[in-house]
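Participant:
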Amino acid sequence: MYEMKALKVALSALGLVAAATIAMAQKPAPVTPVNSVLHYESKLGAFKFFNGDGTVTFKFKGTVLIRNFSGKGPTVTGNVKQEYPQPRQEGHGRIGFFGDGTFTFSGHFESLQWFGQELSGTWDGRGGYRIYGDYDKNLETGWFWEGNDVSKKQAWPTQSPTYTLPGYKPQAPQLPTLKKKGS
C-alpha cells in the first residue's frame with residue numbers, strides 16, 4: 155500500500171512537471187511595435203535620442219554624433235561634412251558631422267546627439283529622448299510635440315527629463331539580491 159501511494163505521488167509530480175514544461179514552452183503572442191512621430195524645433199539647444207528605431211530627418215546648424223547605427227543612410231545635404239572618423243581612422247561605431255544643412259537616416263541607433271542652432275525636424279519611430287534648450291533673443295527655447303496635433307506643442311525644456319515615444323520599453327534595472335543575515 156505504501157508503494158502504491160509513492161507511485162501515485164510520483165506520477166502526480168511527473169504530470170505537474172510535464173504541464174509546467176508545456177506551459178513554459180508556448181511562445182508569447184508577437185508584439186507589434188508602435189511608432190509615433192515627434193516634431194521638434196529650437197533656435198538654440200541640444201538633444202539626445204537613444205535606443206531608437208525609425209526615420210529621423212532634421213535641418214540644423216551645428217554638430218551631430220551618431221553611435222552604433224545600422225540601417226539606411228545617413229544622408230546629408232547642404233554644407234554638412236563628416237568630421238569623425240578621419241580617413242584611415244577607426245570610429246568605434248561613432249560618426250560625427252558638422253555644418254549647416256539636413257540630416258536623414260532610417261534604422262536603429264544606440265544614440266543620436268545634436269547641439270547647435272536653427273533646428274527643425276521629425277522622428278518617425280520609437281525610443282527615448284532628452285532635449286535641452288537655451289533662450290533665444292525672444293526668450294523662447296523651442297517647441298516639441300508628438301503626432302500631428304500642433305495644439306499639443308510643449309515648450310522645449312532647459313533641463314530635460316527622459317521622454318519616450320510609444321513602443322519604447324527601457325530594460326528593467328537589475329536589482330541586487332539581498333542576502334539573509336547569517337548566510
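Position one of the sequence shown corresponds to residue 155 (our numbering), numbered consecutively onward.
For every residue, glycine included, the Cβ atom is placed at its ideal position computed from N, Cα and C.
#1: Can you confirm whether residue 282, when its beta carbon is compared against all beta carbons of chain C, has any partner nearer than 9 Å?
#2: Let's test the definition: count the other Cβ atoms within 10 Å of the Cβ of residue 200 and tell me whether it reaches 16, buried, or not, exposed.
#3: Roughly how many angstroms lie between the CA atoms of residue 295 and residue 215, to the nearest whole one?
#4: Looking only at its own chain, which residues have a Cβ that is under 6 Å from the Cβ of residue 209, when we skip the five neighbours before and after it?
#5: Specify the secondary structure class of residue 274 as computed by DSSP and reduced to three states.
#6: In terms of DSSP beta bridges, what is residue 300 paired with?
#7: Do residue 264 and residue 247 have their beta-carbon atoms positioned less than 9 Å apart in this structure?
#8: Check residue 334 in the structure and name its three-state DSSP category.
#9: Classify residue 304 as buried or exposed, calling it buried when 16 or more other Cβ atoms lie within 10 Å of its own Cβ.
#10: List the whole-angstrom C-beta distance separating residue 297 from residue 306, where the pair is believed to meet the contact cut-off of C-beta under 8 Å.
#11: Say whether the segment 215-229 touches the segment 266-280, bearing in mind that this needs 3 or more beta-carbon pairs closer than 8 Å, one atom from each stretch.
#12: Between residue 223 and residue 266, what straight-line distance do the alpha-carbon atoms span, to the nearest angstrom?
#13: Given a cut-off of 9 Å, decide if residue 190 and residue 311 are closer than it, judged by their beta-carbon atoms.
Facilitator: Reading it off the structure:
#1: No chain C is part of this structure, which consists of one protein chain only.
#2: Indexing the sequence shown from 1 puts residue 200 at position 46. By the 10 Å Cβ count, residue 200 comes out buried.
#3: As a working note, residue 295 is residue 141 in the sequence shown. As a working note, residue 215 is residue 61 in the sequence shown. When rounded, the distance between both Cα atoms is 16 Å.
#4: If you number the sequence shown from 1, residue 209 lands on position 55. Cβ within range, chain order: 260 and 278.
#5: Within the sequence shown, numbered from 1, the residue matching residue 274 stands at position 120. Strand.
#6: Position 146 of the sequence shown holds residue 300. When beta bridges are read from the DSSP output, residue 300 appears opposite 192.
#7: By one-based count along the sequence shown, residue 247 stands at place 93. By one-based count along the sequence shown, residue 264 stands at place 110. Their beta carbons are under 9 Å apart, which means residue 247 touches residue 264 by this criterion.
#8: Residue 334 sits at position 180 when you count from the first residue of the sequence shown. Reduced to three states, the DSSP call for residue 334 is coil.
#9: For the purposes of this step, residue 304 is identified with residue 150 of the sequence shown, where counting begins at 1. Exposed is the call here.
#10: The sequence position of residue 297 within the sequence shown is 143, counting from 1. The sequence position of residue 306 within the sequence shown is 152, counting from 1. Wrong, their Cβ atoms sit about 10 Å apart, outside the cutoff.
#11: Cβ pair count under 8 Å is three or more, so yes.
#12: Stepping through the sequence shown from its first residue, residue 223 is reached at position 69. Stepping through the sequence shown from its first residue, residue 266 is reached at position 112. Rounded to whole angstroms, the gap between the alpha carbons of residue 223 and residue 266 is 9 Å.
#13: Against the sequence shown, residue 311 aligns to sequence position 157. Against the sequence shown, residue 190 aligns to sequence position 36. For residue 311 and residue 190, no; Cβs fall outside 9 Å.
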